[in-house]
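The structure is reproduced here in structure tokens:
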């Protein structure tokens, strides 16, 4: 069991309840358009964005939606570490190999309706890989077999990766870490995402102090 994933380790915790609430808010974020592809990023540092994406993916799967959690951070992938799986095959394999494109190397998890697609071999120029037309084709291929795709993306201010990939998705979440994320970085990231017309659904505050009133 991935102990770092609170939604699995402690399904009755306030944090798990918060993830379920976030899932519900995302589902109803646009009643005219179903959310099928979601990116999770952060301003300038990791800020536990991968952990947030993984826990959110668990809640979507638990709601009955067939979900694939994809490691789109081709600079510092982390999704495979939460599940203890090999990172050799994954997203970049689908880009390079026709057989992998037709038969995506997704890995089953202990959570019903949830699969994981690691990053695969890291490319020398991640932004070019994510910008390729083949990436659009991969997204459509994965949607044939599933209901929801959740991408962990690199931080916005580190490189253009999140901006490029985010334009291909239905929406993006910005993860803010309490007492860690700088306010100016958050503002800059928001500006950059909106400048390229990415559908910024909102921000998620993680690692916030828990007070007694949260348990009511």
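In my numbering, the protein residues as written are -8 to 207. C-beta atoms are modelled at their ideal positions from N, C-alpha and C, and glycine is treated no differently.
Just so you know, the alpha carbons of residue 159 and residue 127 end up roughly 7 Å apart.
DSSP places residue 52 in the helix class (H, G or I) of the three-state scheme. Residue 187 counts as exposed, since fewer than 16 other beta carbons sit within 10 angstroms of its beta carbon.
Under the three-state reduction of DSSP output, residue 187 falls in the coil class, being neither helix nor strand. Taking all protein chains shown into account, residue 53 has 16 or more neighbouring C-beta atoms within 10 Å of its C-beta and is therefore buried. A buried status is given to residue 180, since no fewer than 16 other beta-carbon atoms sit within 10 Å of its beta-carbon. Beta-bridge annotation (DSSP): residue 106 is paired with 59, 99. Taking a C-beta distance under 8 Å as the contact criterion, residue 197 and residue 166 qualify as a contact pair.
When DSSP assignments are scanned along the stretch 5 to 42, the uninterrupted stretches of beta strand (DSSP E) that are 3 or more residues long and fall wholly within it turn out to be 28 to 32. Here residue 117 has 65, 66, 145, 150, 152 as same chain residues with Cβ atoms under 8 Å from its own Cβ, once five neighbours each way along the sequence are excluded. Spanning the alpha carbons of residue -5 and residue 185 requires a straight line of approximately 32 Å.
The beta carbons of residue 137 and residue 57 sit closer together than 8 Å.
At a Cβ-Cβ threshold of 8 Å, residue 26 and residue 161 count as neighbours.
Closest in C-alpha terms to residue 31, from the list 2, 81, 170, 61, comes 61. Nearest Cα to residue 100 within the set 120, 73, 175: 73. Where residue 126 is concerned, there is no enclosing beta strand (DSSP E), although the alpha helix (DSSP H) around it starts and stops at 124 to 134.
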